[in-house]
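Those protein sequence lines, which keep their order, are chains A and B. Residue numbering for the first sequence follows the working numbering, beginning at 1 and increasing consecutively. Residue numbering for the second sequence follows the working numbering, beginning at 1001 and increasing consecutively. Note that the Cβ used here is the ideal one computed from N, Cα and C, for glycine as well. Single-structure report; data block below.
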Amino acid sequence: MLKKKKRIKDHHGEQRMFTQRAVVATGLIALGIFALIARLVWLQVVRYEYFAEQAQGNRVRIEPLPPGRGLILDRTGVPLALNAPSFQLEITREQVPNLDATLAGLAALNLLDRENIANLKRDIKRRRSFEGVPVKLSLNEEELARFAVRQQDFPGVEIKPRLSRKYPLSASGVHALGYVGIVSEADQKILDSDEYAGTTLVGKAGVEKSYEQELHGKTGYQQLLVNAQGRRVDTLGGKTYALERKEPTAGNDLYLTIDERLQSAAEEMLHGERAAVVAIDPNNGDVLALVSTPGFDPNLFGRGLSHAQYLDLYENPEQPMYDRALKGVYPSGSTIKPFMAMAGLYYNVIAPLDTRMCPGYFRLPGVNRPWLDWEKKGHGSVNMVKAIKTSCDVYFYSLANTLGVDRIHDYLTSFGFGQTTGIDIEGEKKATLPSTAWRRQAFKDKAMQTWYPGDTINIGIGQGFLTVTPMQLAHATATMAMHGKRFQPRLVHAIRDAITGEKRELAPIVLDDAKSNDASNWDVVINGMQEVVKPGGTAVVAFSGAPYTVAAKTGTAQAFSLAKGQKYNAAQLSKRMKDHALFIAFAPAEQPKIAIAVVVENGGHGGSTAAPIARRLFDFMLLPPEQLAEQEAKRAAKMQKAQVAATPGDE
Amino acid sequence: MELDTSHAQRTLTWTARLLSALQLDGPLLTGIGLLAVVSLVILYSASSASWPVVGSQASKFALALVVMIIVAQLPSRLLMLAAPWLYGLGLVLLLAVMVKGEVSLGAQRWLNLGFVRFQPSEIMKIAVPLFCAWYVHDRPLPPSLFNIGVLALAILVPVGIIAKQPDLGTALLVGAAGAMALLLSGLQKRYIFGVFAALIPTAWIAWAYLLHDYQRQRVLTFMDPSNDPLGSGYHIIQSQIAIGSGGIFGKGYLNGSQAQLAYLPERSTDFIFAVIGEEWGLIGLVIVLFLYLFVISRCLFLATSAQDTFARTIAGSLGLTFAVYVFVNTGMVTGLLPVVGVPLPLISYGGTSMVTLMAGFGILMAVNAKRRLVGH
């Protein structure tokens, strides 16, 4: 029994229905066509005059108004990056009758490099026809005058007042700060072309790059009345027009964690060296100083680099563009020893008071070659504190051998070694925290993939496969100072909103704690590090008379090979063969306010070359003003005298 | 004199015979041909007098014409047989694009088969109405609720995939093609009004969750072009200046300053209607619009005179989709609708969509061929 009868197709009914619908559709389409025609009548008849005028060449042009870039200040408010007015030459393609002739004419006036014309032409073609494209930045007065007298020969070429970037302290802090440069083809692929209309400079490195979004601001625009030649006019046919203008919004200001006093003090002391310093506030990860010498003047990029300047920066054997603090990968040398001691305590393979006999060398059963201590005659019987204090190699050879590479790897990972620290600028290197698994992947050659016990022994004193960056070393030292509490290093601690003027503090980023199973372990190792600056320690001279407690460790790392692409140069070689000097420290030992890592390439001994830098920065950070002035005066007097000889007490 | 007339008559008869032998519809072909002529002439101006562009467009027309003639030869029954398979193939290719298509200009639309690179979404412009027509052919009309559901699903799945690529223009046209088939199959008025009522919440959801930022920006800019005078508002402002300044009679061929001085973006493709408006004025645009009206009504006339449901539905929906094409583009260029990347059919420069369009006309002619009058 069927409840619903199956419907049967009604062909005639369907045909009728279809015809009906088709007729309705035709009617609607005709209606649509007439609506369109009505719109066309509105545009082409009623509003004809208005549009005709706009198209006549007498039209309203839209000009972007680039925003002022946010300022960058140090933690005390010292300006590090500002905007200064300058004049630049711009070409607007839609107004130029003959681009080739115009560019050739500008080159003839010596305002452009002839070699640059092809590139400029490509740049101009890439931008939209109504956009002004800068062809020369920061014109000086003489150049301004030279162009001004010939201006009428160059329709579509204008001198525009713009804000350019100025770094008042020149090279100071350049690797943290970064720099701005002309928007490149690669930049344009990433940037929003509307937001960057009229913007000439964009962050290329450092904070300038990583905080580009905060610094840039919002582009505004204004309507301009222009005549057929593209010149600006106030009225058209006696009529004035209501022109729109939307003001740009300036970018936000950044407050860096950098303390310019510490930064420039370290830079001054390292003048002429290839070196890196990272100082961190252990309580929040604030980077107080980020030094990499030699540096360079970031102002050069905002003006446009000449060929000679380019070569001087990029082909220089001293590599000024290279940020040694984040990208420099060095053997840690003995600075790894306190962390190695922590690993030994964590895995219970050694107790603080257990002693090892140091005869001046260490032997592994079945291996002929002994591992030598830096002190040929040996340190005698050493416990953990003494081992750190005197930097006894044999103690740590033995400890590393007992631990094995994979436990060392697992433990040091928790201090941030072998990883990027996550600091808020780009380019950080991971360096190498080796393990058996690492070695299997690192080498193509099968024979090279096996980890040997001897490899582990080298790691015990921070040689062999183990490498670190100065940033990692400073971060790990800060972690030690905080008894394992870790903060992600950062360069920006507050952002001032350009609209509200409100200064917004950024919360420190807490990372997982370093591994620890007994709180007293920290006291043992830190005690050892405090002994380093006491009589008999390896850094006693640099900290003599310091009115605060210091925990430190010196290090010396073999610089075994020449850098890539470097030519053999006998005069330079002697210096470049010297060891790298390393130093880590924090103070005051009980309530740390500053932790530091110093690396001086080919600097010799950590205690004599690197430690005095730490001492000075600590003084800046910890001494009351009058004591600091006294210390600085003493230091200046000492500098007057001849170079102080290296202390023989060093490792 | 008499001799001349008879000569002319003979030529006419001969042409008519040829057309009928090739299963082609004379009036429709004439309309298409006139639009093609308009296209080549205005393209010469829009491309700043570039013969290569005109030549390339002419060869695309020739290719598309060959495709149309071949399709017109196919028996209606074969088309019906192929409909579900073509639809299935199109769907598979769309999914393939989603998985491993080529990304170009930020959208994943192209499928590279090694020897040829094409957009599977183009197939869907024909496959979707063909599938709908096939589906309703044997079923009593107006369709039951269940059948409406099946059809809606068959339409919305490819539309969704294409919109996700993201290619809003093509998604819109594929959706329109299906919707037209559904309307012509006698979808009850209550459903039609129901859909319109449902459109409001749907639009809200699409706005909030489905649209990409740049698509949302386009809608905002359409509401107020001065909102974004440096970005997509620029297109709308410039195209209205071009049309408006053309006036009643236009500035004359090759004399449009907006077009010739490159103020008007995409003047050979999506915004070619504005070039016609600037150079040939209101008169030129009205003539073009009437040409379109002629082509559309001829399509619908052919559809009403078709003999079975399949033929009627496919012919009618292809004709109406063509109308949607025209309205979306002209509406966009004149500032009545938001900017959606849809070319002006048969006039804009470009090959892929032209071949699809002409294949559609081929189907229209194929299902109306006289010799298959006796069916079933």
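Residue i: which of the options sits nearest, CA to CA?
| i | options | result |
| --- | --- | --- |
| residue 1290(B) | 1026(B), 1080(B) and 1323(B) | 1323(B) |
| residue 174(A) | 472(A), 276(A), 153(A) and 555(A) | 276(A) |
| residue 435(A) | 413(A), 590(A) and 429(A) | 413(A) |
| residue 267(A) | 599(A), 627(A) and 604(A) | 599(A) |
| residue 431(A) | 440(A), 462(A) and 289(A) | 462(A) |
| residue 1174(B) | 1362(B), 1364(B), 1367(B) and 1353(B) | 1353(B) |
| residue 417(A) | 471(A), 386(A) and 364(A) | 471(A) |
| residue 1121(B) | 1139(B), 1036(B), 1157(B) and 1273(B) | 1157(B) |
| residue 1334(B) | 33(A), 639(A) and 516(A) | 33(A) |
| residue 1366(B) | 1303(B), 1342(B), 1348(B) and 1095(B) | 1303(B) |
| residue 427(A) | 400(A), 322(A) and 527(A) | 322(A) |
| residue 189(A) | 134(A), 126(A), 131(A) and 247(A) | 126(A) |
| residue 183(A) | 204(A), 166(A) and 170(A) | 204(A) |
| residue 1039(B) | 1281(B), 1288(B), 1154(B) and 1320(B) | 1288(B) |
Chain B partners of residue i, CB-CB under 8 Å?
| i | result |
| --- | --- |
| residue 41(A) | 1282 |
| residue 32(A) | 1323 and 1327 |
| residue 485(A) | Near residue 485(A) there are no residues of chain B at all, since even the closest Cβ is about 41 Å away, more than 8 Å. |
| residue 125(A) | Within 8 Å Cβ-Cβ: nothing; residue 125(A) doesn't reach chain B, min ~12 Å. |
How would you call residue i, buried or exposed, if buried means at least 16 neighbouring beta carbons within 10 angstroms?
| i | result |
| --- | --- |
| residue 1374(B) | Caution is warranted here: a pLDDT of 42 is assigned to residue 1374(B), below 50, making its placement in the model unreliable, and the coordinate value is therefore given only provisionally. Classification of residue 1374(B): exposed, given that the 10 Å Cβ count is below 16. |
| residue 498(A) | buried |
| residue 442(A) | exposed |
| residue 97(A) | exposed |
| residue 8(A) | exposed |
| residue 403(A) | buried |
| residue 567(A) | At residue 567(A) the pLDDT is 49, less than 50, meaning the model places this residue with poor confidence; the figure from the coordinates comes in the next sentence. By the neighbour-count rule (16 or more Cβ atoms within 10 Å), residue 567(A) is not buried but exposed. |
| residue 737(A) | No statement about residue 737(A) is possible, as the shown extent of chain A runs from 1 to 651 and does not include it. |
| residue 332(A) | buried |
| residue 1055(B) | exposed |
| residue 20(A) | exposed |
How would you write the range of the alpha helix (DSSP H) that residue i sits in, first residue to last?
| i | result |
| --- | --- |
| residue 216(A) | 212 to 216 |
| residue 340(A) | 337 to 346 |
| residue 124(A) | 117 to 126 |
Using 7 Å as the limit for Cβ to Cβ distance, is residue i near chain B?
| i | result |
| --- | --- |
| residue 52(A) | yes |
| residue 44(A) | yes |
| residue 26(A) | yes |
| residue 29(A) | yes |
| residue 9(A) | yes |
| residue 14(A) | yes |
Quick one: does residue i have its CB under 7 Å from some CB of chain A?
| i | result |
| --- | --- |
| residue 1286(B) | yes |
| residue 1140(B) | yes |
| residue 1297(B) | yes |
| residue 1312(B) | yes |
| residue 1258(B) | yes |
| residue 1289(B) | yes |
| residue 1247(B) | yes |
| residue 1352(B) | no |
| residue 1186(B) | yes |
| residue 1304(B) | yes |
| residue 1211(B) | no |
| residue 1330(B) | yes |
Run the proximity test for residue i: is its beta-carbon closer than 6 Å to any non-hydrogen atom belonging to the ligand SAH?
| i | result |
| --- | --- |
| residue 1029(B) | Of ligands this structure carries none, so the ligand SAH is not represented either. |
Since residue i meets chain A, which of its residues come closer than 7 Å, beta carbon to beta carbon?
| i | result |
| --- | --- |
| residue 1334(B) | 36, 39, 40 and 43 |
| residue 1183(B) | 21 |
| residue 1241(B) | 51, 54 and 55 |
| residue 1309(B) | 14 |
List, in order along the chain, the chain B residues whose C-beta lies closer than 7 Å to that of residue i?
| i | result |
| --- | --- |
| residue 189(A) | Near residue 189(A) there are no residues of chain B at all, since even the closest Cβ is about 11 Å away, more than 7 Å. |
Span of the beta strand (DSSP E) holding residue i?
| i | result |
| --- | --- |
| residue 253(A) | 253 to 256 |
| residue 133(A) | 132 to 136 |
| residue 598(A) | 594 to 600 |
Could you name the residues of chain A that residue i contacts, counting a contact when the two beta carbons are closer than 9 Å?
| i | result |
| --- | --- |
| residue 1269(B) | Per Cβ cutoff of 9 Å: no residues; residue 1269(B) is ~17 Å from chain A at best. |
Using a C-beta to C-beta distance shorter than 9 Å, which residues of chain B count as neighbours of residue i?
| i | result |
| --- | --- |
| residue 48(A) | 1244, 1245, 1246, 1247 and 1248 |
For residue i, decide whether its Cβ has a neighbour in chain C, counting only Cβ atoms nearer than 7 Å.
| i | result |
| --- | --- |
| residue 17(A) | No chain C is part of this structure, whose protein chains are labelled A and B. |
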